[in-house]
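As structure tokens, the structure follows; a few thoughts come after it.
In the numbering used here, the protein residues as written are 1179 to 1296.
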């Protein structure tokens, strides 16, 4: 079992920045691929950034150049640095842990709200 807890969400003005954190407990963190997804009201959940166990990253086109995902295996934590935030970034942001070779290994945190508004 894996437990994920997100933090760092809040209200920010357009153009501002936030850093989300996701603390993981349970299985060996360094073996996990990690990701961040978001879901706005009335929309499907969208995967915005991923980082593999070896540190390879990938981003949705909508956040490329503005968001950066990173991980600290010593702290069992993954981060999402969000810069140049836009109102359309408003959503609940969820942390994900998975292992591609094990389809049953797929966990989500409860989410943290990010609101971008003036």
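The beta-carbon is built from N, C-alpha and C at its ideal position, and this holds for glycine as well.
Buried or exposed by the 16-neighbour rule on C-beta atoms within 10 Å, applied to residue i
i            : result
residue 1279 : exposed
residue 1232 : exposed
residue 1316 : Residue 1316 lies beyond the range of the chain shown here (1179 to 1296); nothing can be said about it.
Cβ-Cβ separation, residue j to residue i (assumed contact under 8 angstroms), whole Å
i            : j            : result
residue 1215 : residue 1272 : 5 angstroms
residue 1201 : residue 1190 : Going by Cβ atoms, the distance from residue 1201 to residue 1190 rounds to 21 angstroms, so no, they are not a contact pair.
residue 1198 : residue 1186 : 4 angstroms
residue 1246 : residue 1270 : Not confirmed; about 20 angstroms, so no contact.
residue 1260 : residue 1249 : Wrong, their Cβ atoms sit about 16 angstroms apart, outside the cutoff.
Beta-bridge pairing of residue i - partner residues as DSSP gives them
i            : result
residue 1275 : 1212, 1285
residue 1203 : 1181
residue 1228 : 1213, 1236
residue 1250 : 1255
Proximity winner among the options, relative to residue i (alpha-carbon distances)
i            : options                : result
residue 1288 : 1189, 1274, 1296       : 1274
residue 1206 : 1281, 1220, 1276       : 1276
residue 1225 : 1238, 1231, 1233, 1234 : 1238
residue 1266 : 1181, 1290, 1193, 1236 : 1193
residue 1179 : 1290, 1204, 1195       : 1204
residue 1263 : 1210, 1270, 1253, 1293 : 1293
residue 1241 : 1290, 1251, 1211, 1227 : 1227
residue 1229 : 1290, 1270, 1208, 1196 : 1208
residue 1236 : 1258, 1295, 1222       : 1258
Distance cut-off 7 angstroms: residue i Cβ against heavy atoms of the ligand SAH
i            : result
residue 1279 : Although the ligand SAH was asked about, the structure shown includes no ligands whatsoever.
Cutoff 8 angstroms: residue i Cβ touching any chain D Cβ
i            : result
residue 1247 : You won't find chain D in this structure, because it holds only one protein chain.
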